[in-house]
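Throughout the sequence shown, residue numbering follows our numbering, covering 14 to 215 in sequence. Glycine included, C-beta positions come from ideal geometry on N, C-alpha and C.
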Amino acid sequence: MTVDDMRRIAILISGRGSNMVALAEAVQDGRIPNAEISIVISDQPNAPGLVKAKELGIETLIIERRGRPRVEHDREVIAALQAQHIDLVCLAGYMRVLSREFIDAYRGRILNIHPSLLPLFPGLDAQQQTLDHGATSAGCTVHFVDETLDGGPIIAQRIVPVHPDDTVESLAARIIIEEHKLYPEAVAMVLGCIYRLATEGQ
Ligand code: GRF
14 MTVDDMRRIA ILISGRGSNM VALAEAVQDG RIPNAEISIV ISDQPNAPGL VKAKELGIET
74 LIIERRGRPR VEHDREVIAA LQAQHIDLVC LAGYMRVLSR EFIDAYRGRI LNIHPSLLPL
134 FPGLDAQQQT LDHGATSAGC TVHFVDETLD GGPIIAQRIV PVHPDDTVES LAARIIIEEH
194 KLYPEAVAMV LGCIYRLATE GQ
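Below, the structure written as structure tokens:
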């Protein structure tokens, strides 16, 4: 990568893809400068986010798990990312734990967004966990992905209140609004760091 290149982002999804759309819009309107969403990859053939990506004119690729071992599936994903010369991998509702091989291939260049104030409430059903624990604040976190479950270094967070009458749905709706602002900010910040490192190296 040279400093003149556009930074190439891949987004991995499994479902709705609203964070993917938020990132694509931020690239389009310049909040994530000098970057393009090069590809959206889904492990689920029917992920609604695939339709949204196509509507946005983004290349899509389905790499199904098909019951294969994680490493085998990940190797196919890594090959697709390398073929696209991807600089940054953004997980956006990608419901698959990455293999060590995947993390090593893109260490420090894989981000994830999680709907809680990590390190609180990692894993599935973060909003339900938040309500079950009687927390009065919730939020979202963008972090680097490492071998731990939602435990990699934290990049940025946003806080929202928990209301006494909140349901999982009402809390999730409040959090996702902040996710859509936070993820583009964090991606812009990380790409800025990658740019500076590339500049210093030249
Ligand atoms: C988001 O809440 C994100 O934090 C979590 O999965 C959800 C994905 O939503 N990792 P979407 O597919 O981006 O709409």
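Just measuring C-alpha positions, the residue of L25, A185 and D18 sitting nearest V102 is L25.
Look at I167 here: in three-state DSSP terms it is strand.
Fully contained in the stretch 103–168 are the following alpha helix (DSSP H) runs of length 4 or more, in chain order: 113–118 and 139–145. At a threshold of 7 Å, I168 does not count as near the ligand GRF, since its beta carbon sits no closer than that to any of the ligand's heavy atoms.
Here DSSP, grouped into helix, strand and coil, assigns P174 to strand. For I189, the uninterrupted alpha helix (DSSP H) segment begins and ends at V181 to E213. Linking S31 to H193 through their CA atoms gives a straight-line distance of about 8 Å. Annotation for M19 indicates a beta carbon at 7 Å or more from all heavy atoms of the ligand GRF.
Of the residues assessed, P166 falls on the exposed side of the cut-off, its CB having fewer than 16 other CB atoms within 10 angstroms. As DSSP reads the structure, I22 sits in a beta bridge with I50 and L101. A contact between stretches requires three or more CB pairs, one per stretch, nearer than 8 Å, and the stretch 30–48 meets this requirement with the stretch 191–210. Per DSSP, reduced to three states, the secondary structure at I45 is coil, with no helix or strand assignment.
Straight-line measurement puts the Cα of V181 at about 6 Å from the Cα of Q140.
Here S27 carries a coil assignment [DSSP, helix/strand/coil]. Bounds of the beta strand (DSSP E) holding I75 are T73 to I75.
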